[in-house]
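Q:
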Amino acid sequence: MRKKIIAGNWKMNKNLEEGLGLVSEISNMLKDEYSGSAKVVIIPPFLHVAASTKLVAENSRLATGAQNCSNHKSGAYTGEISADMIMSCGATYVIIGHSERRQYFNETNDWLAKKIDAVLEAGLTPIYCCGETLEERETNAHFTVLETQISEGLFHLNAEQMAQVVIAYEPVWAIGTGKTASTEQAQEIHAFIRGLIGKKYSSDLAEEITIQYGGSVKPDNAKELFSAPDIDGALIGGAALQSRSFVDIIKSMN
Ligand code: PEP
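In the numbering used here, each residue carries its 1-based index in the sequence shown increased by 1341.
1. My output table needs one value for Ile1508: the three-state DSSP class, helix, strand or coil.
2. Quick one: residues in its chain with C-beta nearer than 7 angstroms to the C-beta of Gln1490, no 5 flanking neighbours on either side, listed in chain order?
3. Along the beta strand (DSSP E) that carries Gly1406, what are the first and last residues, could you check?
4. Specify the secondary structure class of Thr1466 as computed by DSSP and reduced to three states.
5. Run the proximity test for Ala1515: is its beta-carbon closer than 7 angstroms to any non-hydrogen atom belonging to ligand 1?
6. Taking Tyr1554 as part of the alpha helix (DSSP H), name the residues at either end of that continuous run.
7. State the DSSP-derived secondary structure class of Tyr1445, mapped to helix, strand or coil.
8. Does at least one heavy atom of ligand 1 sit under 7 angstroms from the Cβ of Asn1562?
9. Can you tell me which of the three DSSP states Ile1591 falls into?
10. Measuring CB atoms only, is the stretch 1515-1530 touching the stretch 1550-1559, in the sense that at least three cross pairs come out at less than 8 angstroms?
11. In this structure, how does DSSP classify Gly1519 when only helix, strand and coil are distinguished?
12. Mind checking which residues open and close the alpha helix (DSSP H) that includes Asn1562?
13. Thinking C-alpha only, which one of Tyr1510, Ile1591 and Ile1346 is nearest Ala1563?
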């Protein structure tokens, strides 16, 4: 059975004290309030990853991740963070290709494919983000855009590597806007992505891949989104910055 994964991407929010406070609150609330099956991944800014990981070490439901990493292993790349460094902090997931990285830092699918390799080589799990802009959806280009993002970013992997990847479908028009894709819209795309993987690899592999939805997931829409057969969790931005809303979303998943 494929894994259900709910991840909170804090983006560039929370200083160290605030961040560690939030991690502790989430950990304690989950112990008291949640007995479901989802794995929960906290993805703070790089600087907080090591300390956050120590705080969640006792709670097997919780893991940590990073929001990005270098495609290089080490060397003269001032300001960069390698996958091995993330691994050495005890984190296990890395977001690759968030739309903000694509949009503000010009990260292309080819570039992201190299980052995916770096993450897998370090033994970490990539959460590969894909999603169309509003204009692409309105011009009916979204299926082509998604197919290109998935094939150029991931389809150089062999089946064993592909089985390690988590995909997050995040329509750009729904990120941070308060506009969520309807459950039908999200389900349609998740099934489409699973179909692409099935065609390239096998239907067995496609069935095993976790595909998260991301884009204005909130406590009041999570349950319905999670009821769709191909939605295996969520990547959450704004609502992950408060323990109550994040934990309430998690509690929407059995
Ligand atoms: C995100 O940044 O990945 C995201 C989904 O943000 P939000 O939940 O705020 O839309």
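Quick reminder that beta carbons are idealized off the backbone N, C-alpha and C, glycines included.
A: Per the coordinate set shown:
1. strand
2. Asn1450 and Cys1471
3. Leu1403 to Ala1407
4. Here Thr1466 sits in strand by DSSP.
5. Relative to ligand 1, the nearest heavy atom lies less than 7 angstroms away from the CB of Ala1515.
6. It is not in any alpha helix (DSSP H) - Tyr1554 instead sits in the beta strand (DSSP E) that spans Ile1552 to Gly1555.
7. When secondary structure is reduced to three states using DSSP, Tyr1445 falls in the helix class.
8. no
9. helix
10. yes
11. Note: Gly1519 maps to coil in three-state DSSP.
12. Pro1560 to Phe1567
13. Ile1591
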